[in-house]
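Read the structure below first, then the notes.
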Amino acid sequence: MVGESEKVRVFLVEDHPVMRLGLKMMLLERGFDICGEASTTQEAFVALPNVSAHVAIFDLSLNGETIFEALKQVRYEHRNLGIIVYSMHDSQLFVENAMKLGVNAYVTKADPVETLVDAIAAVRSGRQFLGPTLLRSLEGRLVADSCFVSAMHELSERELEVLTLLGRGFGRTEIAASLALSTRTVETFLERLKQKLGVSNNRELLREAIRIIHPG
Numbered sequence: 042m043v044g045e046s047e048k049v050r051v052f053l054v055e056d057h058p059v060m061r062l063g064l065k066m067m068l069l070e071r072g073f074d075i076c077g078e079a080s081t082t083q084e085a086f087v088a089l090p091n092v093s094a095h096v097a098i099f100d101l102s103l104n105g106e107t108i109f110e111a112l113k114q115v116r117y118e119h120r121n122l123g124i125i126v127y128s129m130h131d132s133q134l135f136v137e138n139a140m141k142l143g144v145n146a147y148v149t150k151a152d153p154v155e156t157l158v159d160a161i162a163a164v165r166s167g168r169q170f171l172g173p174t175l176l177r178s179l180e181g182r183l184v185a186d187s188c189f190v191s192a193m194h195e196l197s198e199r200e201l202e203v204l205t206l207l208g209r210g211f212g213r214t215e216i217a218a219s220l221a222l223s224t225r226t227v228e229t230f231l232e233r234l235k236q237k238l239g240v241s242n243n244r245e246l247l248r249e250a251i252r253i254i255h256p257g
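All residue numbers for the sequence shown refer to our numbering, where the first residue is 42 and numbers rise by one.
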C-alpha cells in the first residue's frame, strides 16, 4: 500500500515478544518499514533519536506499569512523531489522558490488528484516530457518565497514577512504595481524589477506581 520511495517508518514499543513480532510481520506485509523496536521506555528513549521514525506504536502498559510520563517525554522530545497507543485498556480516563499528552491515535487490542494501518494513515494525514471498539464504548459512557467525565479532567498525572494503582488492588503502603512517596503523601492524594470524584469514603473511591481500570 506504500510505495518504495515513500515507505512510512514505524517504531514498535511492546514488551511481549510474540505480540511485537506479530505487529512487525503484519506491518511489513503491508509495506511499512519497521525502523526499530523496544521492549522498555528506556530502550525507546535511546533508539528514537537515531531512527527517523514517522510513527511510533506504544503499548500503554510495559512491564506492568502504565507509561503516561514516558509518552509526555516522547511528545516533548519528538514534536513531529506520530504517536499511536495500542493497548488492552479501553478506560475513558486512559484514552482522554493519553490524548491530552499528545498521543495522535488510540487503538485497543480488541480491534482487528489491521486497524493500526488505518490509524497510521490517519496520523500521517494529520488527523486523530480512535479504534472502532473504543468509539462504541466511549459513546455509551459519554451519555451515561457526563458528570464523571467532567471530574476526570481535573485529575493530575500523579492523582491518576494513585487511582490506577488503587484500582489494581494496591494498598496505601504498596502505592507509596511503587511511586516512591510517603504513606502520608498517598493519604493526601486519596483525600484529593475523593473530593474531585465526589465520593465520601474509601469504599466508594475504590469502587470508582475499579470501574476505571476494569470498565464494563
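Just so it is clear, CB atoms sit at the ideal spot from N, CA and C, and this is done for glycine as well. Note that the coordinates shown come from a computational prediction; the quantities given were computed from them, not determined experimentally.
Item                                                                                                             : Value
From residue 55 to residue 140, what distance separates their C-alpha atoms?                                     : 19 Å
Tell me the residue span of the beta strand (DSSP E) that contains residue 116.                                  : Where residue 116 is concerned, there is no enclosing beta strand (DSSP E), although the alpha helix (DSSP H) it sits in stretches over 109-118.
With distances taken between CB atoms, is the gap from residue 88 to residue 51 smaller than 8 Å?                : no
Do you know offhand how far residue 172's Cα is from residue 133's?                                              : 13 Å
Where does the unbroken alpha helix (DSSP H) through residue 234 begin, and where does it stop?                  : 224-238
Where does residue 195 sit, in a helix, a strand or coil, going by DSSP?                                         : coil
Compute the distance between the beta-carbons of residue 70 and residue 53, then report whether it is under 8 Å. : no
Nearest to residue 251 by alpha carbon, out of 224, 130 and 195?                                                 : 130
By DSSP, does residue 54 sit in helix, in strand, or in coil?                                                    : strand
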